[in-house]
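Colleague:
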Amino acid sequence: MVPVNDLDAVQTRAIENIIDNQDKNHWVKGFAGSGKTIVLTHVLERLASARPAIKVCFATYTHALKDLVESGLSENAKSKIDISTFTALKTLRSRYDIVVADEMQDIPSRNLPALASKSDKLIIAADLDQSIYRSACSVSELSAAVKPAKEHQLREIHRINDTIFEIATSVYSDVEIVTNTTVRDDGELARIYWGSSVKDEMLTMYAEAERVSAKERPSAILLPTRKLLDQFISLVAADNSYVGVVPSVNDGERSEIGEQADPFKDVNAYLKRNKSPLQVFGSGSGSLYDSDTRKMVYLMTYHSSKGLDFANVFLPHLTDGMSLNAMKGSTDLEERRLFFVAATRARERLYLSYHDEPHRFIEEIPEEYLEPFRRQKRAY
Numbered sequence: 001m002v003p004v005n006d007l008d009a010v011q012t013r014a015i016e017n018i019i020d021n022q023d024k025n026h027w028v029k030g031f032a033g034s035g036k037t038i039v040l041t042h043v044l045e046r047l048a049s050a051r052p053a054i055k056v057c058f059a060t061y062t063h064a065l066k067d068l069v070e071s072g073l074s075e076n077a078k079s080k081i082d083i084s085t086f087t088a089l090k091t092l093r094s095r096y097d098i099v100v101a102d103e104m105q106d107i108p109s110r111n112l113p114a115l116a117s118k119s120d121k122l123i124i125a126a127d128l129d130q131s132i133y134r135s136a137c138s139v140s141e142l143s144a145a146v147k148p149a150k151e152h153q154l155r156e157i158h159r160i161n162d163t164i165f166e167i168a169t170s171v172y173s174d175v176e177i178v179t180n181t182t183v184r185d186d187g188e189l190a191r192i193y194w195g196s197s198v199k200d201e202m203l204t205m206y207a208e209a210e211r212v213s214a215k216e217r218p219s220a221i222l223l224p225t226r227k228l229l230d231q232f233i234s235l236v237a238a239d240n241s242y243v244g245v246v247p248s249v250n251d252g253e254r255s256e257i258g259e260q261a262d263p264f265k266d267v268n269a270y271l272k273r274n275k276s277p278l279q280v281f282g283s284g285s286g287s288l289y290d291s292d293t294r295k296m297v298y299l300m301t302y303h304s305s306k307g308l309d310f311a312n313v314f315l316p317h318l319t320d321g322m323s324l325n326a327m328k329g330s331t332d333l334e335e336r337r338l339f340f341v342a343a344t345r346a347r348e349r350l351y352l353s354y355h356d357e358p359h360r361f362i363e364e365i366p367e368e369y370l371e372p373f374r375r376q377k378r379a380y
């Protein structure tokens, strides 16, 4: 988590204003990578130390973001704040003085009543351009839930560089960019790779992801569907002579509240037995803490990557005819938003790859933001 002394002036003012006006609803807005989650985490830390003590709950859509925010809090704050997903929120019996909620653009309509029942005061972060779930509430429902709210517009994009910004907005041009938004230009270009086959593409991207990862600097490989996760793991396992039958990523039982209980437990145990740096992450499976002690390459779907960021992000299988949305009947807009979310997970370097013919999104990216990737290891 970014230390409070490293926050920009707008982020700092937002935090102070929220803390000074706890009797109001607040809505933190900003482009992907502008630090909305960071602001909320510092707000939570301050609320946990309030005198007299107040009851606070934090809720968000994914387990990954829940865990990320929790990892940024002090032990004192974690002991005083209830932390939940939107789905599990209904199992919490308490009323709270304040509910802090992140990724509110993703909350399903069915979860809004439970959220509203927990507190009369909401502090939320929501970016409508990153809404990627069909079950998500409508704009009018979201506005009604938090209305009236004091808005805090973040304008400095810290996470992504100019190249990633231009790539993401070239594909999803409908994104709202507020006046005076700034983004850093570090001269870093995205890498583009053409594979001679699926095997060549997948294994080349994995080899590079492993090469550039390090302890405390994991790489992330994002794929649109769980079926592709299965294919990717099978190729890596065969190429590295892993022992045993590869479990499917779809294995796993449902918990009482309907969430899949550690759906990647078996496949991650298999990877660990084979001393692989690869770990499937998302839906409550995997651990970001593992990268604190060893080299890790996280494998996840586009959806599971929401709210996270990594120094190096790989988007393989951007091949013509490939739908980026696993849902049936996906629209062009849904695919563009998914690509936007996936691309903006990269802090420093983005890798795009395909085999056969490129996906239409690659053809929409200006060539000046791409450079050919030259393989570091043998051909497959």
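Per our numbering, numbering of the sequence shown is gapless, rising by one per residue and ending at 380.
Glycine included, each C-beta is placed from N, C-alpha and C at the ideal position.
This structure is a prediction, so every number in the text was calculated from the model and none was measured.
Can you tell me whether DSSP reads Asn21 as helix, strand or coil?
Modeller: In this structure, Asn21 counts as coil in the three-state DSSP scheme.
Colleague: What's the call for Asn111, buried or exposed, on a 16-neighbour Cβ count within 10 Å?
Modeller: Label assigned to Asn111: buried.
Colleague: Go through its chain and collect everything with a Cβ distance to Ser97's Cβ below 6 angstroms, but skip five positions before and after it.
Modeller: First, the residue type needs correcting, since residue 97 is Asp and not Ser in the sequence shown. Here the set comprises Ile54, Lys55.
Colleague: Considering only DSSP beta bridges, list what Tyr306 is partnered with.
Modeller: A small correction: the amino acid at residue 306 is Lys; Tyr does not occupy that position in the sequence shown. Answer by DSSP bridge pairing: none, since Lys306 is not bridged.
Colleague: Quick check: what's the CA-CA separation for Gly30 versus Lys66?
Modeller: Distance between the alpha carbons of Gly30 and Lys66 is about 19 angstroms.
Colleague: Assuming contact is defined by CB atoms lying nearer than 8 angstroms, are Leu333 and Leu222 in contact in what I supplied?
Modeller: No; because the gap between Cβ atoms is not below 8 angstroms, this pair is not in contact.
Colleague: If you draw a straight line from the C-alpha of Asp131 to the C-alpha of Asp106, how long is it?
Modeller: With the sequence shown as reference, residue 131 is identified as Ser, and Asp is not the correct amino acid for it. Ser131 and Asp106: Cα-Cα distance of roughly 6 angstroms.
Colleague: Just tell me which of Tyr351, Lys328, Met1 has its CA closest to the CA of Leu189.
Modeller: The option with the nearest alpha carbon to Leu189 is Tyr351.
Colleague: What are the start and end residues of the alpha helix (DSSP H) that includes Ile164?
Modeller: That run of the alpha helix (DSSP H) goes 162-171.
Colleague: Out of curiosity, what's the CA-to-CA distance linking Thr234 and Ser291?
Modeller: According to the sequence displayed, residue 234 carries Ser and not Thr. Cα-Cα distance, rounded: 23 angstroms.
Colleague: Assign Gly284 to one of two classes, buried (16 or more other C-beta atoms within 10 Å of its C-beta) or exposed (fewer than that).
Modeller: Gly284 is buried by the Cβ-count criterion.
Colleague: Tell me the DSSP secondary structure of Asp230 in three-state form.
Modeller: Asp230: helix per DSSP, three-state reduction.
Colleague: So if DSSP puts Leu315 in a beta bridge, which residue, or which two residues, is it bridged to?
Modeller: The partner list for Leu315 (beta bridge, DSSP) reads Leu352.
Colleague: Taking 8 angstroms as the threshold (C-beta atoms), are Arg184 and Asp162 in contact?
Modeller: Yes; because the gap between Cβ atoms is below 8 angstroms, this pair is in contact.
Colleague: Alpha carbon to alpha carbon, how far is Val10 from Glu156? Give it in angstroms, no decimals.
Modeller: The straight-line gap from Cα to Cα measures roughly 8 angstroms.
Colleague: Following the continuous alpha helix (DSSP H) through Thr41, name the residue where it begins and the one where it ends.
Modeller: Note, Thr41: alpha helix (DSSP H), 36-48.
Colleague: Helix, strand or coil: which one does DSSP assign to Pro113?
Modeller: Helix, per DSSP.
Colleague: State buried or exposed for Lys275, treating a residue as buried only when at least 16 other CB atoms are found within 10 Å of its CB.
Modeller: Exposed is the call here.
Colleague: Check the DSSP bridge columns for Leu222 and list the partner residues they point to.
Modeller: Leu222 pairs with Met300.
Colleague: For the beta strand (DSSP E) containing Arg184, list its first residue and its last residue.
Modeller: Per DSSP, Arg184 belongs to the beta strand (DSSP E) from 182-184.
Colleague: For Lys29, does the three-state DSSP call read helix, strand or coil?
Modeller: Strand at Lys29.
Colleague: Flag this pair as yes or no: are the beta carbons of Val341 and Ser287 separated by less than 8 angstroms?
Modeller: Not a contact, by the Cβ cut-off of 8 angstroms.
Colleague: Between the segment 201-214 and the segment 294-313, can you find at least three pairs of beta-carbon atoms closer than 8 angstroms?
Modeller: A contact exists between the segment 294-313 and the segment 201-214.
Colleague: Helix, strand or coil for Thr204? Go by DSSP, reduced to three states.
Modeller: Helix.
Colleague: According to DSSP, simplified to helix, strand and coil, what is Thr85?
Modeller: Strand at Thr85.
Colleague: Are Ser94 and Pro224 touching if we call contact CB-CB under 8 angstroms?
Modeller: No; because the gap between Cβ atoms is not below 8 angstroms, this pair is not in contact.
Colleague: For Arg134, is the classification buried or exposed, using 16 other Cβ atoms within 10 angstroms of its Cβ as the cut-off for buried?
Modeller: The residue in question, Arg134, is exposed, as its Cβ has fewer than 16 Cβ neighbours within 10 Å.
Colleague: Please classify Tyr193: does DSSP put it in a helix, a strand, or coil?
Modeller: Three-state DSSP puts Tyr193 in a strand.
Colleague: Report the option in Met300, Gly187, Ala14, Asn240 whose CA atom is closest to the CA atom of Ser219.
Modeller: Selected option, being the one with the closest Cα: Met300.
Colleague: Quick one, which of Ala209, Pro372, Tyr302 has its alpha-carbon nearest Asn312's?
Modeller: Nearest of Ala209, Pro372, Tyr302 to Asn312, Cα basis: Ala209.
Colleague: Under the rule that 16 or more other beta-carbon atoms within 10 Å means buried, what is Gly252, buried or exposed?
Modeller: In this predicted model, Gly252 has a pLDDT of only 45, less than 50, meaning its place in the structure is not dependable enough to derive any value.
Colleague: Between which two residues does the alpha helix (DSSP H) containing Lys90 stretch?
Modeller: Element bounds for Lys90: n/a, residue is neither H nor E.
Colleague: Taking Gly321 as the reference, which of Arg347, His355, Asp266 has the closest Cα?
Modeller: The residue with the shortest Cα to Cα distance from Gly321 is His355.
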